[in-house]
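See below for the structure under consideration.
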């Protein structure tokens with residue numbers, strides 16, 4: 001019986017729970033000298049458990065990156081709660097956040113612009129350890145090399161400049177840096193877009209491997225439904241600042257009850273139809 | 001006389017004269033530095049009149065270098081090491097700059113990747129299309145204006161008169177892409193090069209722009225060279241496909257044949273990776289990735305450049321000089337699997 005196996009497992013730990021999250025921006029109009037309010041995110045709710053991945057999908061401007069920026073507390077939300085392992089971090093100030101920062105790490109779309117061009121690969125990975133005063137210098141270097149190995153970079157390249165790496169290698173370096181502080185939640189904002197097909201597949205496989213070895217929770221932001229659907233346990237579809245559909249990945253795609261989900265599913269299918277019409281040897 | 005070289009391998013080639021013929025082209029960037037980059041390595045390619053030809057390759061494969069070479073627009077630190085580019089009987093690499101200026105825009109045009117960068121933000125888009133006509137065609141101002149409006153209508157604007165005076169920032173990304181297409185086809189060129197022209201657009205817009213380029217190509221018999229890193233974009237679009245890796249054309253043939261029966265292990269891997277079935281949702285299964293990284297191109301070694309990543313690597317892959325073969329009718333490949 002399946003239930004027996006489930007009973008043996010420890011209860012799944014909730015890593016992140018977000019409720020009623022809202023954020024709006026003031027937009028100044030240069031011409032009319034007045035400002036209006038743009039609601040970027042409104043009443044967003046979701047929960048991510050250890051070892052699980054939630055994919056936040058939607059077209060550009062749907063508010064998914066704002067959610068990522070609030071969850072990582074790069075922005076302060078207007079309202080709502082962000083429970084990180086049971087602590088509400090939504091309204092903490094930067095000093096209080098300092099102790100929680102290691103728990104949430106982020107990987108950005110363009111790894112090149114998120115790294116100091118004068119840093120070597122090892123320095124990039126050591127930076128968060130240094131800021132958090134973790135370990136002696138030699139211990140930090142050893143940890144950096146260990147992390148490089150773990151993300152598939154040769155530790156021999158520790159002294160190479162980050163800018164001398166290829167796009168895919170830099171993305172691996174960004175993941176190594178994010179792992180340095182042993183986070184429980186990794187937020188990846190469009191971490192795949194702009195990568196070649198073969199590099200994208202490598203990075204996706206790396207995320208799958210890391211998830212298993214570290215029981216990491218992922219919040220993955222993407223506009224590429226087909227890619228994230230394969231990786232994610234749950235999918236939340238965003239449109240106009242709201243989550244319009246939310247559930248297990250297969251179920252969201254099968255039902256596609258909201259027009260935004262349907263549009264995403266359709267555009268993915270269209271690409272496959274081209275291949276199928278060619279009789280592609282898949 | 002055109003040197004057909006290895007192209008003589010095609011036994012049943014239709015007798016149509018090639019529109020453009022790239023033969024044995026090699027290009028090196030920064031040849032005098034300590035790290036020269038061999039961006040194109042003995043690439044040969046035929047472009048036929050009116051056809052849609054796709055060039056598939058990942059970053060660093062040399063596809064953009066090939067595109068720029070077709071316009072002889074490579075940066076000044078690039079050196080043409082070998083080869084010729086014949087376009088309608090003339091060798092572009094031997095022509096003086098003044099003759100090239102008459103060809104660019106009029107006979108060979110480019111659709112850039114990012115129209116937001118290609119368009120001047122302070123000039124009305126209609127005038128920017130008129131500028132192309134003014135450079136190449138003698139006509140009155142009034143005729144030119146009428147012509148631009150026709151072009152705007154052709155690329156899908158319902159009200160060309162209202163679009164003409166618009167500035168680029170007033171248009172959406174898709175609309176700007178249509179404007180640069182109108183610019184490219186304004187002089188009815190024989191050849192249009194689209195370098196990742198749809199890769200920044202979302203999927204539905206991408207399909208619209210592809211349909212538009214197809215339509216224009218058919219209506220005017222214009223050949224399009226479509227460069228992309230995405231097999232799914234090219235699958236429903238081009239008639240023929242050339243796959244590039246490490247500055248070489250590793251496989252070339254009819255698009256259908258390449259997707260149905262890819263010959264080169266690299267092409268096979270790309271086709272497998274382009275399968276994005278939603279039926280895999282929630283399975284968290286690993287992707288059929290190709291291990292390793294493409295070579296850096298700073299060293300030109302013997303053998304196949306894909307060998308270090310190839311699942312079917314053999315002894316001869318690393319110690320013999322690679323030659324092209326045509327194991328199947330009109331499908332050529334550079335791989336030792338098919339004999340040498």
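Chains as they are written, first to last, in this note's numbering: chain A, 1 to 282; chain B, 1 to 340. Glycine included, C-beta positions come from ideal geometry on N, C-alpha and C. All of these numbers come straight from a predicted model, not from anything done at the bench.
Coil, strand or helix - residue i by DSSP
i, result
"residue 214 of chain A", "helix"
"residue 53 of chain A", "strand"
"residue 344 of chain A", "The shown model of chain A, from 1 to 282, leaves out residue 344 of chain A, and the question about it has no answer."
"residue 266 of chain B", "helix"
"residue 137 of chain A", "helix"
"residue 151 of chain B", "helix"
"residue 36 of chain A", "strand"
"residue 10 of chain B", "Unreliable positioning characterises residue 10 of chain B in this predicted model, as indicated by a pLDDT of 43, which lies under 50. A coordinate reading is not provided."
"residue 248 of chain A", "strand"
"residue 1 of chain B", "Legend: pLDDT at residue 1 of chain B = 41, less than 50; position of this residue unreliable, value from coordinates given subsequently. Residue 1 of chain B: coil per DSSP, three-state reduction."
Closer than 8 Å to chain A by CB, residue i
i, result
"residue 256 of chain B", "yes"
"residue 273 of chain B", "yes"
"residue 278 of chain B", "yes"
"residue 1 of chain B", "Any answer about residue 1 of chain B is weak, because its pLDDT of 41 lies below 50 and its placement is not dependable; what the coordinates show is given next. Chain A contact via Cβ: absent."
"residue 229 of chain B", "yes"
"residue 286 of chain B", "yes"
"residue 269 of chain B", "yes"
"residue 253 of chain B", "no"
"residue 76 of chain B", "no"
"residue 260 of chain B", "yes"
"residue 204 of chain B", "yes"
Residues sharing a beta bridge with residue i, DSSP
i, result
"residue 17 of chain B", "Residue 17 of chain B is not bridged to any residue."
"residue 85 of chain B", "B/22"
"residue 239 of chain A", "A/242"
"residue 188 of chain A", "A/107 and A/220"
"residue 331 of chain B", "B/328"
"residue 249 of chain B", "B/244"
"residue 120 of chain A", "A/161"
Buried versus exposed, by CB contacts within 10 Å (16 or more), residue i
i, result
"residue 302 of chain B", "exposed"
"residue 182 of chain A", "exposed"
"residue 150 of chain B", "exposed"
"residue 314 of chain B", "exposed"
"residue 60 of chain B", "buried"
"residue 51 of chain B", "buried"
"residue 264 of chain B", "buried"
"residue 299 of chain B", "exposed"
"residue 213 of chain B", "buried"
"residue 149 of chain A", "exposed"
"residue 111 of chain B", "buried"
"residue 7 of chain A", "With a pLDDT of only 49 at residue 7 of chain A, under 50, the local geometry of the prediction cannot be trusted, and the value read off the model is given with reservation. Exposed, since its Cβ has fewer than 16 Cβ neighbours within 10 Å."
Where the beta strand (DSSP E) containing residue i begins and where it ends
i, result
"residue 337 of chain B", "Here residue 337 of chain B belongs to no beta strand (DSSP E), and DSSP marks it neither H nor E."
"residue 390 of chain B", "Residue 390 of chain B falls outside the range modelled here, since chain B spans only 1 to 340, and no answer is possible."
"residue 98 of chain B", "Careful: residue 98 of chain B lies outside any beta strand (DSSP E), inside the alpha helix (DSSP H) at 97-103."
"residue 296 of chain B", "No beta strand (DSSP E) holds residue 296 of chain B; DSSP gives it neither H nor E."
"residue 54 of chain B", "52-56"
"residue 328 of chain B", "325-328"
"residue 241 of chain B", "240-245"
"residue 191 of chain B", "191-195"
Cβ of residue i within 8 Å of any chain B Cβ
i, result
"residue 175 of chain A", "no"
"residue 7 of chain A", "For residue 7 of chain A, the predicted structure reports a pLDDT of 49, less than 50, and the residue's modelled location is therefore unreliable. A value from the coordinates is still provided. So no, residue 7 of chain A is outside the interface."
"residue 230 of chain A", "yes"
"residue 77 of chain A", "no"
"residue 171 of chain A", "no"
"residue 189 of chain A", "no"
"residue 153 of chain A", "no"
"residue 247 of chain A", "no"
"residue 236 of chain A", "no"
Boundaries of the alpha helix (DSSP H) in which residue i is found, first to last residue
i, result
"residue 114 of chain B", "Taken as a continuous stretch (DSSP letters only), residue 114 of chain B belongs to no alpha helix (DSSP H), as it is neither H nor E."
"residue 213 of chain B", "203-220"
"residue 71 of chain A", "64-71"
"residue 260 of chain A", "259-277"
"residue 79 of chain A", "That residue, residue 79 of chain A, is in no alpha helix (DSSP H); its beta strand (DSSP E) goes 79-84."
"residue 94 of chain A", "94-97"
"residue 121 of chain B", "Unbroken run through residue 121 of chain B: none, as it is neither H nor E."
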